[in-house]
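Protein chains in written order, with numbering that gives the first Met the number 0: chain A, 0 to 373; chain B, 0 to 299.
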Amino acid sequence: MTTPVLQVNNLSTSFFTDDGEVKAVRNVSFELFAGETLGIVGESGCGKSVTVMSLLGLVQRPGRIVSGEVLFHDRDLVKLDHEHLRQIRGRDIAMIFQDPLSSLNPVLRVGYQIDEAMHAHDKVPREQVVARGLDLLRQVRVPDAARRVKDYPHQFSGGMRQRAMIAMGLSNRPEILIADEPTTALDVTVQAQILELLRDLNQETGTSIILITHNLGVVAGLCERVIVMYAGEIVEEGPVQRIFDSPQHPYTWSLLRSLPRINADRRERLRSIEGLPPDLIAPPPGCKFHPRCPFRIEKCFDVDPKLEIVGPGQQAACWVTMERAYAEMGARDIIDTRPGAASGIHPPGYKPLIAEGRLLEAPATEEGELVGGD
Amino acid sequence: MATAVVPATQDYAGGVLAREQMSLWRDGWRRLRRNKLALAAVFYLVFLVATAIVSFFWTPYKPNFIGACETYASPSGAHPFGCDELGRDSLSRLMVGTQVSLAVGLGTALIVLSFGVTLGLVAGYLRGAVDAVISLVINIFYGIPGLLVALILYIRIGAGLFTIIIAISATIWMDMARLVRGQTLSIREREFIEAARASGARAGKILFGHVFPNALGPIIVQATFVIPIAILTAAFLSFLGVGVPPPTADWGGMASEGLQAIRLQPWIALIPSFALSLTLLAFNFFGDGLRDAFDPRQRR
């Protein structure tokens with residue numbers, strides 16, 4: 000295989016708050032190849048955004064990259080000084096954000112802002128900037144672009160603003176475009192258009208795309224490879240087809256399971272994952288997902304699993320993996336997905352989490368006692 | 000631009016006729032016009048500026064010509080505002096006095112803008128140690144009595160317009176710096192700043208190209224309040240005798256000279272005082288109007 004455009008090795012980023020060190024990203028390693036579309040998924044607060052912000056050195060105080068390296072064409076971006084990093088931002092690696100209205104400066108014309116992105120770097124010759132700005136707006140299919148360049152952001156609709164942001168991101172012909180939840184603030188039909196646009200641009204320009212989202216449908220539609228993050232760590236990684244067909248980490252499995260299905264029984268409740276992501280100041284010992292995992296075993300409580308190969312191009316960090324969960328714990332037919340429900344393993348003094356919208360009585364349980372699915 | 004009538008031959012996209020763009024300025028001006036007091040103030044200020052310009056080239060009499068008429072002459076057809084204790088024409092001196100007032104007002108506003116805005120932007124954007132130092136300097140300047148600065152400069156540099164402008168600027172730039180710092184602190188957290196940084200914009204560009212335009216409304220309003228304060232302070236300094244040196248005509252000095260004859264011919268002191276009050280009032284109404292016009296909550 001060719002060498003990756005971007006290689007991230009053991010990246011850790013923490014926020015040093017008054018309450019303690021928030022370990023937002025821990026030991027994240029991945030690579031991105033030329034022309035590839037990579038999805039990063041996970042719940043809110045699991046470190047997706049901080050990971051990509053760290054790539055470009057955009058994490059602000061009290062946040063700081065603690066360790067690791069980000070190799071972009073063999074240059075370590077973590078060690079780069081301000082000015083060199085600035086030259087890479089927007090020029091080689093561009094970024095678009097979640098809310099296209101707040102990402103555009105409200106008092107400046109849209110066309111001006113696109114041109115400005117080009118002026119920040121001298122990649123596009125000065126005399127071509129205005130013409131290219133207009134071209135880009137046409138390329139991202141903003142109707143009547145010639146007149147629209149003179150508009151202010153508030154005169155654009157949500158979808159058009161995101162198109163303008165994409166135009167701005169592409170203006171310097173970057174090698175990598177990072178899209179941080181680009182469709183979250185848009186309605187579904189516009190989402191589809193934006194994703195289609197990103198797909199086309201990826202194919203036409205060969206720009207690699209890193210797409211951050213908590214929407215697995217978006218990943219399925221656009222990405223070739225997926226990284227699943229939980230509590231600041233990568234828990235599973237693999238080709239999109241593998242991840243969807245045969246997820247190996249219980250977290251990935253739970254995420255996929257909680258997707259609403261159009262062909263599901265209408266009386267069926269929407270499935271969710273019990274509980275909340277852990278506190279990143281004092282994360283649980285062992286596997287970070289064990290407090291919410293229906294398939295946990297005793298090892299999960301105190302030994303942190305590492306990423307291991309579980310299939311072709313697929314890695315997961317789990318002591319059990321879904322393969323075993325299917326074979327030994329009846330995961331296929333499981334209804335009760337409360338923590339430990341399938342394996343029946345609970346720590347001493349375990350209190351079940353909220354289920355079915357009410358707090359269950361907390362029976363005092365002995366270690367390893369079987370509570371079983373009631 | 001204004002598309003009142005679109006000829007049938009000309010094609011235009013979309014069903015809506017190109018509506019005029021409501022830029023920040025346009026919107027502000029539209030709302031300023033609704034405020035009658037502010038509008039009157041605008042007219043007065045335009046008149047004031049015109050007077051200042053005209054007085055450069057023409058006044059009814061030479062403003063410093065002693066003996067244009069009788070000492071302490073009452074207002075008459077030839078001398079509508081009468082004459083002062085040296086027989087100089089009061090109207091001519093009042094007109095020329097406009098120059099000093101406006102020069103002090105605008106000069107101070109300019110210095111306060113350049114210093115206050117820059118320091119405020121830098122403090123708010125960089126935060127940390129830089130902010131701590133700038134904030135400390137601001138607080139120290141708040142502790143220095145303005146009159147003291149004026150007197151020290153008067154002694155060290157000597158009397159003159161420049162001295163006055165520096166002295167007043169040194170005592171009132173802090174409000175602007177504080178305002179801009181606060182604005183910057185809030186604007187820097189907005190996502191478009193993040194986006195600008197992610198697109199590789201330089202720090203200077205972010206400050207003056209992105210933060211500054213977003214704080215422009217409050218900055219302009221603050222600047223219009225600086226002007227009347229400066230004019231009043233300058234007049235006060237002249238009144239005390241540490242202002243613009245005679246014989247240059249300025250309103251504070253005229254009021255001071257007129258004071259000697261306040262029982263005999265009160266208008267000599269009252270006319271410049273009245274002009275001063277009216278000017279202050281106009282700037283304040285204008286500033287108030289601007290504040291309302293740029294306040295997004297007022298937007299209709």
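Cβ coordinates follow ideal geometry from the N, Cα and C atoms, glycine included.
Predicted model only: the values in this text are computed from it and were never measured.
Close CB contacts of Leu-100(A) within its chain, under the 6 angstroms cut and outside five residues either way in sequence, are with Arg-160 (chain order). Interface criterion met: the Cβ of Gly-127(B) is under 9 angstroms from a Cβ in chain A.
Proximity of Gly-199(B) to chain A, defined by a Cβ-Cβ separation below 9 angstroms, is satisfied.
For the options Thr-97(B), Ile-171(B), Ala-149(B), the alpha carbon positioned closest to that of Phe-161(B) is the one of Ala-149(B).
Chain-order list of chain A residues neighbouring Glu-193(B): Leu-57, Phe-96, Ser-102, by C-beta distance under 8 angstroms. Judged by beta-carbon spacing, Gly-237(A) lies within the 9 angstroms limit of Val-225(A), meaning their Cβ atoms are closer than that value. In the DSSP assignment, Asn-8(A) falls within the beta strand (DSSP E) that extends over 5–16.
Among the CB atoms of chain A, one or more fall inside 9 angstroms of the CB of Arg-189(B). Looking at the backbone, the Cα of Val-103(B) and that of Ile-163(B) are separated by about 7 angstroms. When secondary structure is reduced to three states using DSSP, Cys-82(B) falls in the strand class. Beta-bridge partners assigned by DSSP to Tyr-229(A): Glu-232(A).
DSSP, reduced to helix, strand and coil, places Pro-238(A) within a strand of the structure shown.
Listed by position along chain B, the residues whose Cβ is nearer than 8 angstroms to that of Val-106(A) are Leu-23, Pro-212, Asn-213, Leu-215. Boundaries of the alpha helix (DSSP H) harbouring Thr-188(A): 187–204, taken from the DSSP string. A check of alpha carbon separations from Leu-275(A) across Glu-42(A), Phe-14(A), Ala-184(A), Leu-210(A) identifies Glu-42(A) as the nearest. Between Gly-67(A) and Asn-8(A), the C-beta gap is smaller than 9 angstroms, which places the two residues in contact. Relative to Arg-241(A), the option among Val-218(A), Gly-231(A), Tyr-229(A) whose CA is nearest is Val-218(A). Ranked by Cα distance from Ser-54(B), the options Pro-217(B), Arg-155(B), Leu-93(B), Val-41(B) are led by Leu-93(B). DSSP places Arg-25(A) in no alpha helix (DSSP H) but in the uninterrupted beta strand (DSSP E) bounded by 19–31. Minimum Cα-Cα distance from Pro-246(A) among the listed residues Gly-205(A), Ala-315(A), Gly-285(A), His-213(A) corresponds to Ala-315(A). As DSSP reads the structure, Arg-63(A) sits in a beta bridge with Ser-13(A). For Glu-180(A), not one C-beta of chain B is nearer than 9 angstroms to its own C-beta. When rounded, the separation of the alpha-carbon atoms in Gln-97(A) and Val-210(B) is 21 angstroms.
Distance from Ala-292(B) to Gly-27(B) at the Cβ level is roughly 4 angstroms; contact confirmed, criterion being Cβ atoms closer than 8 angstroms.
In the DSSP assignment, Thr-1(A) falls outside any beta strand (DSSP E), carrying neither H nor E. Contact between Ala-281(B) and Ala-40(B) holds: their C-beta atoms lie close to 4 angstroms from each other, under 8 angstroms. With the criterion set as a beta carbon lying under 9 angstroms from some beta carbon of chain B, the members of the region 157–171 of chain A are Met-164, Met-167, Gly-168, Ser-170, Asn-171, in sequence order. Between Val-106(A) and the set Val-189(A), Arg-323(A), Tyr-151(A), Arg-63(A), the nearest pair of CA atoms involves Tyr-151(A). When the five nearest sequence neighbours on each side are left out, the beta carbons in the same chain lying within less than 8 angstroms of the beta carbon of Leu-231(B) are those of Leu-275, Leu-279, in order along the chain.
Rounded to whole angstroms, the separation of the alpha carbons of Leu-101(B) and Thr-50(A) is 56 angstroms. Note on Asp-83(B): 16 or more other CB atoms within 10 angstroms of its CB, so buried under the neighbour-count rule. Cβ neighbours of Pro-3(A) within its own chain (closer than 7 angstroms, five residues either side excluded): Glu-30, Leu-31, Phe-32. Taking the C-beta atoms as reference points, Met-94(A) is found no nearer than 9 angstroms to Ala-200(B). Restricting attention to Gly-220(A), Thr-188(A), Pro-283(A), the CA atom closest to the CA of Gly-231(A) is found in Pro-283(A).
For Gln-264(B), the three-state secondary structure derived from DSSP is coil.
Taking a cut-off of 8 angstroms for Cβ pairs, the region 195–207 of chain A and the region 167–187 of chain A touch, as three or more such pairs fall below it.
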